[in-house]
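Novice: Following this message is one structure expressed as C-alpha cells.
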Ligand code: F6R
C-alpha cells in the first residue's frame, strides 16, 4: 500500500491525473476502471486539461465504470451515463464504443451483470481502477454486508448512500433504490487500484478502511489485501490515520506535505 497525503485537493487531483496519464502513456490500450461521485470531478477536469494540451490521448483506451442506477433513463442528468459524458467523455478522445457502463435499464438485469463481467474479461481485465469511498465504506455500490458478491450484481442501496447521493437529485425520493455495481472480486482483480478521498467527513472511514480489520462490513477494508494499492488523500481525509502504524506497514510511503511527482511505481512495476 502506498499512501500519499496532499496539502490540497487540487494537488491530489493533479497527482491522480498524472497517474492515469502515466498508465496511458506506458500502455495506450490501457483499460481504466472509472468512478463517479464528487471526489473524481477534479481528476477528470485535469485529464480533460491534459488531453487539450496534447499531453495524453485516450484514443486506444477502454473504460469500465463501476456502477449505474437501476431504472433511471440514461438521458437523466443524475444517471452515471450522463455524469460521465458531461464530466469526461464528451471532452476527450476516448471512443464512446469503448466507454462502458452497466445498463441499469436492461430488460434482464441479471443477464446484464453477466454481460458486463464478460466484457471486462474480454478486454483483459482492468489495468487501473479509480475508486472513491462512501461514508459507510462502500466501494462502487458494494454496501457493507455479511457477505459480498464477487462479480457484477444488483444491489439495494443503503439509506445512508441514498441520503448522501440525494445532493445530485431534486429530492431523496428521486434517488433510485437499486443499482448495478461491479463486485469486489472484479475490483480486486485490477492490476492497480487508486483510492482517492477528500474532506474531514471521510477521515473516520478512511482510517477504518486502511487500518481497521478486513471485513465485508467495511468493503473498502478488503483493499488492504491488494498488492498494488495507491491511496491519495487530502490532509482532512488523512487526519485520523496514525503515522506510526503507517510507517510500520511494509512498502508504505507516507508524505505529509509532499507532492507526488515521480512515477517510480510505473518504472519498477511494469504493467503487462
Ligand atoms: C460511484 C462510486 C461510489 C463513490 C462513493 C463516494 O461510482 O463508486 O462508491 O465513489 O459513494 O462518493 P463521493 O465521491 O461523492 O463522496
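Residue numbers (our numbering): 1111 to 1382.
Every residue gets a Cβ at the ideal spot worked out from N, C-alpha and C, and that includes glycine.
This structure is a prediction, so every number in the text was calculated from the model and none was measured.
Flag this pair as touching only if the region 1155-1174 and the region 1131-1146 have three or more C-beta atom pairs under 8 Å; answer yes or no.
Specialist: Yes, they touch.
Novice: Roughly how many whole angstroms lie between the Cα atoms of residue 1291 and residue 1329?
Specialist: Taking the straight line joining both Cα atoms gives about 13 Å.
Novice: Would you mind stating whether residue 1293 and residue 1263 have Cβ atoms separated by less than 9 Å?
Specialist: Contact flag set, yes.
Novice: Can you list, in chain order, the residues of its chain whose CB lies under 7 Å from that of residue 1160, leaving out five sequence neighbours each side?
Specialist: Here the set comprises 1127, 1131 and 1166.
Novice: From residue 1163 to residue 1192, what distance separates their C-alpha atoms?
Specialist: Rounded to the nearest angstrom, the two C-alpha atoms are 25 Å apart.
Novice: Check whether the Cβ atoms of residue 1306 and residue 1122 lie closer than 9 Å to each other.
Specialist: Going by C-beta atoms, residue 1306 is nearer than 9 Å to residue 1122.
Novice: Would you call the CB atoms of residue 1212 and residue 1222 closer than 9 Å?
Specialist: Yes, Cβ-Cβ distance for residue 1212 and residue 1222 is below 9 Å.
Novice: Any heavy atom of ligand 1 closer than 8 Å to the Cβ of residue 1200?
Specialist: Answer for residue 1200: no, Cβ out of range of ligand 1.
Novice: Measuring CB atoms only, is the region 1237-1252 touching the region 1322-1340, in the sense that at least three cross pairs come out at less than 8 Å?
Specialist: Yes, the region 1237-1252 touches the region 1322-1340.
Novice: With a 10 Å radius around its C-beta and 16 neighbouring C-beta atoms as the bar for buried, classify residue 1143 as buried or exposed.
Specialist: Classification for residue 1143: buried.
Novice: Going by other Cβ atoms of all chains shown within 10 Å of its Cβ, with 16 needed for buried, is residue 1358 buried or exposed?
Specialist: Confidence at residue 1358 is low in this model, with a pLDDT of 47, below 50, so its placement is unreliable and the value that follows should be read with caution. By the 10 Å Cβ count, residue 1358 comes out exposed.
Novice: Does the beta carbon of residue 1243 fall short of 8 Å from some heavy atom of ligand 2?
Specialist: Ligand 2 is not among the ligands present in this structure, which contains only ligand 1.
Novice: Near residue 1320, which residues of its chain fall below 6 Å by C-beta distance, leaving aside the five closest residues on each side in sequence?
Specialist: Nothing meets the Cβ criterion.
Novice: Between which residues of its own chain and residue 1194 is the CB-CB distance below 8 Å, once the five residues before and five after are set aside?
Specialist: The residues are 1144, 1146, 1175, 1209 and 1211.
Novice: Assign residue 1280 to buried or exposed, taking buried as 16 or more other Cβ atoms, counted over all protein chains shown, within 10 Å of its Cβ.
Specialist: When all chains shown are included, residue 1280 counts as exposed.
Novice: Which runs of the beta strand (DSSP E) fall wholly inside the region 1168-1192 and span at least 3 residues, in chain order?
Specialist: If we require 3 residues or more, the beta strand (DSSP E) runs fully inside the region 1168-1192 come out as 1172-1175 and 1177-1179.
Novice: Using a threshold of 8 Å, is the CB atom of residue 1248 nearer than that to any non-hydrogen atom of ligand 1?
Specialist: Within the cutoff, so yes.
Novice: So residue 1121 is in the beta strand (DSSP E); what residue range does that whole segment cover?
Specialist: No beta strand (DSSP E) holds residue 1121; the alpha helix (DSSP H) holding it covers 1119-1136.
Novice: Is there at least one non-hydrogen atom of ligand 1 closer than 8 Å to the beta-carbon of residue 1179?
Specialist: Every heavy atom of ligand 1 is 8 Å or more from the Cβ of residue 1179, so no.
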